[in-house]
Amino acid sequence: MGGLVAVILVLKRANEWYHIWMVAGRQCSLPPGDMGWPLIGNMWSFLIAFKFGDPDSFISNFIARFGRTGIYKAYLFGCPTIIVTTPETCRPVLMDDAQFKPGWPKSTSILMGRKSFLGLSAPISGLKAQSVYHELMKDVMLSSLDELAKADRPVEFLTEIRKITFKIIMYVFLSCEGGPIIKTMEEEYAKLNYGLRSMAINLPGFAYHKALNMVEGQERKGNNLSEEKKDMMDLLLDVEDENGEKLDDKEIIDVILMYLNAGHESTAHATLWATLFLHKHPEYLQRAKAEQEEILRTRPATEK
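Numbering (the numbering used here), first residue to last: 1239 to 1542.
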């Protein structure tokens, strides 16, 4: 037993020394933390914390071991990682785009495609493009929330918000208004989201493998995009990326995957946390309502 413990300690320490050596010439000091195991790093503890509904325990473990410094080193999703956990450490990261460039795990970059994270020019982005669908969004939200309010059973808020936001994004991009196809697509994009949060292990049974199969299936279905154009798809065929270049079929599929996943996950989670926060702090709810009313009052008539 003593020998096994010694081997474990040597492996973890060797992994940490390796990554410290890799940045030794950059004239920067690393914060406290734990680089975990070779290759997998801290992913097991990270995934266990989220799988069992206690994500705070992952960060709490760092705080208990290394103090409340607000910044820690770790190894997540196949990459050396710096974690920031307090407003003071998060603020410079989120506000300094010049120093802190967006980065994505390998699994995310492969599954979402190389064009998903590039800036796109009008007509797909901006208020003008979004205004086309304002009435649709409003109708879907009002009817869906009214239906939930009349339900005589408890509902899982995140699950229902996912359905609402996914329904909107499906209509915007694919002109799909409802029926079995939305349920089927939602199940498929649930697989994609699990894959995005996993390590890039392409073996049967792993979340990344299932997500990769899902993406490849969607790409096969979308090979003839240019033959059947509709709604936002029309705009995508004319849109330019940040380099002023047109998108090919593969790149269009990448963008659609990104937006559909955003409609299934990102918007739903943002809505959930905003609702919880505003419910817990009603004073901020009143300030938010006043802010929105002021925006509507001062907005030009053409943008209302």
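By construction, the Cβ of each residue, glycine as well, lies at the ideal position given by its N, Cα and C atoms.
Taking a C-beta distance under 8 Å as the contact criterion, Pro1270 and Ile1320 do not qualify as a contact pair. Bounds of the alpha helix (DSSP H) holding Ile1297 are 1294-1304.
Contact annotation: the segment 1311-1326 touches the segment 1272-1283, with at least three C-beta pairs closer than 8 Å. Around the beta-carbon of Leu1514, fewer than 16 other beta-carbon atoms lie within 10 Å, marking it exposed.
Counting along the chain, the unbroken beta strand (DSSP E) around Ile1321 starts and ends at 1317-1322. The beta carbon of Leu1516 is closer than 7 Å to those of Tyr1522, Leu1523, Ala1526 in its chain, skipping five residues each way along the sequence. Here Trp1275 carries a strand assignment [DSSP, helix/strand/coil]. Per DSSP, reduced to three states, the secondary structure at Ala1312 is strand.
DSSP places Lys1388 outside both helix and strand once states are collapsed to three, so it counts as coil. The DSSP-derived three-state label of His1519 is coil. Val1493: member of the alpha helix (DSSP H) spanning 1487-1499, first to last residue.
The straight-line gap separating the alpha-carbon atoms of Thr1307 and Ile1301 is approximately 8 Å.
Excluding the 5 residues flanking it on each side, Val1378 has same chain C-beta neighbours closer than 7 Å at Ile1402, Lys1405, Ile1406, in chain order. Ranked by how close their Cα comes to the Cα of Ile1309, the residues Thr1327, Asp1292, Asn1299 have Thr1327 in first place.
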